[in-house]
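**Q**
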Amino acid sequence: MSIRKFTVVESEWLRGEVNPQGERTSSCLKSTDGYRCCMGFLAQTCGIPDEVLQGRGYFSGRGFEPYDHLLPEALRPRHEETVEYEQRFLDERGHGKLARRIYMINDSTVVTDEVRKEKLTRLFAEAGIEVEFVP
1309 MSIRKFTVVE
1319 SEWLRGEVNP
1329 QGERTSSCLK
1339 STDGYRCCMG
1349 FLAQTCGIPD
1359 EVLQGRGYFS
1369 GRGFEPYDHL
1379 LPEALRPRHE
1389 ETVEYEQRFL
1399 DERGHGKLAR
1409 RIYMINDSTV
1419 VTDEVRKEKL
1429 TRLFAEAGIE
1439 VEFVP
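Start counting the sequence shown at 1309; every next residue gets the next number (my numbering).
Structure, rendered in structure tokens:
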């Protein structure tokens, strides 16, 4: 199964957030307030349970492996694309280049939401997916 469209609810969208230590933070589903990143909205639409998404920052974690088939092919973790700097994700499964770009734009602290939405729309389109942003 592969979805062709999903919706990001802006009032529940986690993006460009910095923690008290000054580090960028993101989560597919933030356990403290229920906010999720754009990939969290995509995963929810694909049918990945919230229990799997909660508190996880990236699709590359082992907890996602049984659900890889639900994700669009272009955004699935890849073993063969792991590079040295990705060790910070604490897993040998790497992000494909397109997924990495999506994570970086979603989590950027230096772009406006309008620019973020434009770039994410283009990146998801590269994966054959339409993203809609609603208030």
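Note that beta-carbon positions come from the ideal geometry of N, C-alpha and C, so glycine has one too.
This one's a predicted model, so the numbers in the text were calculated from it and none came from an experiment.
1) Take the Cβ of N1414 as the centre, count every other Cβ of all protein chains shown within 10 Å, and call the residue buried at 16 or more, exposed below.
2) Among E1318, V1326, I1437, V1316, which residue has its Cα nearest to the Cα of P1380?
3) Can you give the beta carbon distance from Y1375 to I1356, rounded, assuming they're within the 8 Å contact cut?
4) Rounding to the nearest angstrom, what Cα-Cα distance links L1337 and R1384 in this structure?
5) Name the two residues that bound the continuous beta strand (DSSP E) containing F1432.
6) For a test of the three-state rule: what should DSSP assign to F1441, helix, strand or coil?
7) In the DSSP assignment, find the unbroken beta strand (DSSP E) run with T1353 in it and report its ends.
8) With a 10 Å radius around its C-beta and 16 neighbouring C-beta atoms as the bar for buried, classify A1351 as buried or exposed.
9) Of the residues V1419, V1442, A1435, T1429, which one's Cα is nearest the Cα of R1323?
**A** So, from the data block:
1) What you label residue 1414 is simply residue 106 of the sequence shown in a count that begins at 1. Looking at its Cβ environment, which holds 16 or more other Cβ atoms inside 10 Å, N1414 is buried.
2) As a position in the sequence shown, residue 1380 is number 72, starting the count at 1. Closest option to P1380, Cα to Cα, is I1437.
3) Taking the first residue of the sequence shown as 1, we reach residue 1375 at position 67. Taking the first residue of the sequence shown as 1, we reach residue 1356 at position 48. That pair is a contact at about 5 Å.
4) As a working mapping, residue 1337 is identified with position 29 in the sequence shown. As a working mapping, residue 1384 is identified with position 76 in the sequence shown. Answer to the nearest angstrom: the Cα atoms are 18 Å apart.
5) Indexing the sequence shown from 1 puts residue 1432 at position 124. Premise fails: F1432 lies in the alpha helix (DSSP H), 1421-1434, not in any beta strand (DSSP E).
6) Looking up residue 1441 in the sequence shown gives position 133. Three-state DSSP puts F1441 in a strand.
7) Locating residue 1353 in the sequence shown gives position 45, where the first residue counts as 1. Run containing T1353: none in the beta strand (DSSP E); it sits in the alpha helix (DSSP H), 1346-1354.
8) As a working mapping, residue 1351 is identified with position 43 in the sequence shown. In this structure A1351 is buried. Its beta-carbon is surrounded by 16 or more other beta-carbon atoms within 10 angstroms.
9) Here residue 1323 is taken as the residue at index 15 of the sequence shown, counted from 1. Per the Cα distances, V1419.
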